[in-house]
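Heads up, the sequence shown is in the numbering used here, so the first residue is 116 and it goes up one at a time. All C-beta atoms, glycine included, are put in the ideal place defined by N, C-alpha and C. Reading through the structure tokens given below for one structure.
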Amino acid sequence: MMRPEPSVHDNFVYAYTVNCEGRRVTLHTEYRDLQPQEFTDVIFSDVVAHSFEHVLRANILFDVEEDDVESLIQGNAAVFEKSWRWGWPPIEYGGDLALLIKTLRSQSVRAFTIGSSYGLSGWVLAGSYERQKRDEPARVA
Numbered sequence: 116m117m118r119p120e121p122s123v124h125d126n127f128v129y130a131y132t133v134n135c136e137g138r139r140v141t142l143h144t145e146y147r148d149l150q151p152q153e154f155t156d157v158i159f160s161d162v163v164a165h166s167f168e169h170v171l172r173a174n175i176l177f178d179v180e181e182d183d184v185e186s187l188i189q190g191n192a193a194v195f196e197k198s199w200r201w202g203w204p205p206i207e208y209g210g211d212l213a214l215l216i217k218t219l220r221s222q223s224v225r226a227f228t229i230g231s232s233y234g235l236s237g238w239v240l241a242g243s244y245e246r247q248k249r250d251e252p253a254r255v256a
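Rendered as structure tokens:
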């Protein structure tokens with residue numbers, strides 16, 4: 116029997132880490148309304164691209180959900196139509212969004228949206244993601 120994923124609803128994002136070469140983005144979260152407090156990392160692997168906005172000192176998640184790749188690309192069309200000139204995301208598509216979507220799908224890239232109640236929001240294009248419980252906060256510099 117599979118365990119349900121840990122919830123991140125109303126979790127505070129106290130840090131996030133980006134490993135560019137390792138193609139990994141991790142949201143380090145904490146649920147503060149319980150004792151002992153719960154710590155959950157949201158880990159995106161094989162990251163192709165990500166975008167975060169509204170990052171504050173105290174960020175409260177609504178949820179992290181899988182989205183449709185085409186919807187995410189079309190919803191951010193202006194960004195993707197010009198960013199290819201700087202090699203981002205690192206896919207040869209020359210600004211052609213249909214080709215970008217086709218390529219992402221052929222590479223099994225998934226889209227994830229980060230919904231916010233307060234502060235940090237955004238999205239990630241990645242091969243996979245998981246939520247991992249931890250016993251204590253992550254050590255981040």
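Quick one: grab the DSSP three-state call for residue i.
i, result
"Ile158", "strand"
"Trp203", "coil"
"Glu145", "strand"
"Ser223", "coil"
"Gln247", "strand"
"Leu187", "helix"
"Leu215", "helix"
"Val123", "coil"
"Val239", "strand"
"Glu196", "helix"
Assuming residue i contacts residue j under a Cβ cut-off of 8 Å, what Cβ separation, rounded to an integer in Å, is found between them?
i, j, result
"Gly242", "Asp161", "3 Å"
"Glu181", "Phe127", "Rounded, the Cβ-Cβ distance is 22 Å, inconsistent with contact."
"Val163", "Val224", "5 Å"
"Val123", "Asp178", "6 Å"
"Phe159", "Arg139", "7 Å"
I'd like to confirm the pairing. Which residues does DSSP put opposite residue i in its beta bridges?
i, result
"Tyr233", "Ile175"
"Gly131", "As written in the sequence, residue 131 is Tyr, which differs from the Gly given in the question. Paired residue(s): Leu142."
"His165", "Val239"
"Glu180", "Thr228"
"Glu153", "Tyr146"
Step through the CB atoms of chain B and report whether any lies within less than 7 Å of the CB of residue i.
i, result
"Ala130", "Protein chains in the displayed structure number just one, and chain B is not present."
Count the CB pairs spanning the region 146-163 and the region 234-246 that are closer than 8 Å, and state whether there are at least three. The region 234-246 and the region 146-163 touch, with three or more beta-carbon pairs separated by less than 8 Å.
Stretch pair the region 220-236 + the region 163-178: three plus CB contacts closer than 8 Å: Yes: the two stretches touch, three or more of their Cβ pairs being nearer than 8 Å.
Inspect the CB distances between the region 183-196 and the region 205-215 and report whether three or more fall short of 8 Å. Using a Cβ-Cβ distance cut-off of 8 Å, the region 183-196 and the region 205-215 are in contact, since at least three pairs of beta carbons, one from each stretch, lie closer than that value.
Taking contact to mean at least 3 C-beta pairs separated by less than 8 Å, is the region 128-148 in contact with the region 249-256? Yes, the region 128-148 touches the region 249-256.
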